[in-house]
Structure formats: structure tokens, C-alpha cells
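Numbering (the numbering used here), first residue to last: 1309 to 1455.
All residues carry an ideal CB built from backbone N, CA and C; glycine is no exception.
See below for the structure under consideration.
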Amino acid sequence: MGTIQEIGPVDYVVIEFPKGEQNFTGAVARELVSLVEAELIRVLDVLVLAKDEDGEIEAFELEDLEGVGELGALEAQLAEVLAAEDVKHLAAAMEPGSVAGVVVWENSWAAPFAVAARESGGQLIADGRIPTQALIAALGDDREEEV
């Protein structure tokens, strides 16, 4: 990574696996590694959060886990940007008995655009994301109206 002025936008996701539905096949890890290999993203942090039935949270870094498969290749590159306060905030949405994966990444594909905007005197004043479920619902509604 270059200087802080050269970094692209940073995003995160928390993917919850409810109790009884924790089917870790490696598909998510494979897709994440393929995005890194294609140089579309740079993973900054990966955590696994476990919330017990009493609401207590335990956080694990990749180095704390065995059998991480392809994710092990990312371990040396991690910046580990999440703090204990972040973990509390991220885990608040989790259901008791669930496990969640947290991934923080830089959108390295967008770094040249971000640099150009900053060098032109621009600054990011807002950003957002449309939830996938909302987009799917909206597209479904549009298709129904066409019929």
C-alpha cells in the first residue's frame, strides 16, 4: 500500500450464520481470495465473532483459528484495523447463538479515482449502500409491473 492519500474507499460486511445454519463450506473464503488475487480489493481485517446464548461475545482473529484454508494466505497482509469498541458495535446486531464473519477491505480498484478526486480538491461528503435485498425486491416489483 502506498501513502494514506493513495488508499481507496474502505467497506466492511458482517455476515451472520444463525445457530444451526453454520455451514462453512469454504465458498465465501474462495470468493474473497479470488477478489484479492484479481486486485479488486485488499483485505484489511477479518474477524470471526461468536455470540453465546447469554449475549457474551468472543472475537477471533484469523491467527487464532485453525483450518482457515485459503484465508490463511491473507493473514500476513492484514492491517487489523478493528478495535474492541468496533467489535461491540458490530456484534450488537447478532442473534444469540450465532457466529459472524467480519471482513474489512479497501476497494483498491477505486483508489486511482479517489486519488484523482482528492488531487482535484474534491472530498467525499457522503456515501452509502443499497442493501441487496432491497434491490432484488425493487427489480422484482419492476418486472411484475411489466407483465
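- The beta carbon of A1337 sits closer than 6 Å to the beta carbons of G1377, E1378 and L1379 from its chain, once the five residues preceding and following it are set aside; these are given in chain order.
- Residue burial annotation: K1359 is buried, with at least 16 other C-beta atoms found within 10 angstroms of its C-beta.
- In this structure S1406 touches P1326 by the C-beta definition: roughly 5 Å separates them, less than 8 Å.
- The beta carbon of E1383 sits closer than 7 Å to those of L1370 and E1371, all from its chain and outside the five residues before and after it, given in chain order.
- For E1366, same chain residues with a beta-carbon under 6 Å away, outside a window of 5 residues either side, are A1358 in chain order.
- The alpha-carbon separation between G1363 and T1440 amounts to approximately 28 Å.
- Shown here, R1338 sits in a helix according to DSSP, grouped into three states.
- Cβ-Cβ separation between L1340 and L1386: approximately 12 Å, too far for a contact (criterion under 8 Å).
- In the structure shown, R1350 falls within a strand segment according to DSSP collapsed to helix, strand and coil.
- The beta carbons of L1398 and L1355 sit closer together than 9 Å.
- Under DSSP, the beta-bridge partners assigned to I1323 are G1409.
- Residue range I1365 to E1369 is occupied by the beta strand (DSSP E) that includes A1367.
- Going by DSSP, A1399 is part of the alpha helix (DSSP H) stretching over A1392 to A1399.
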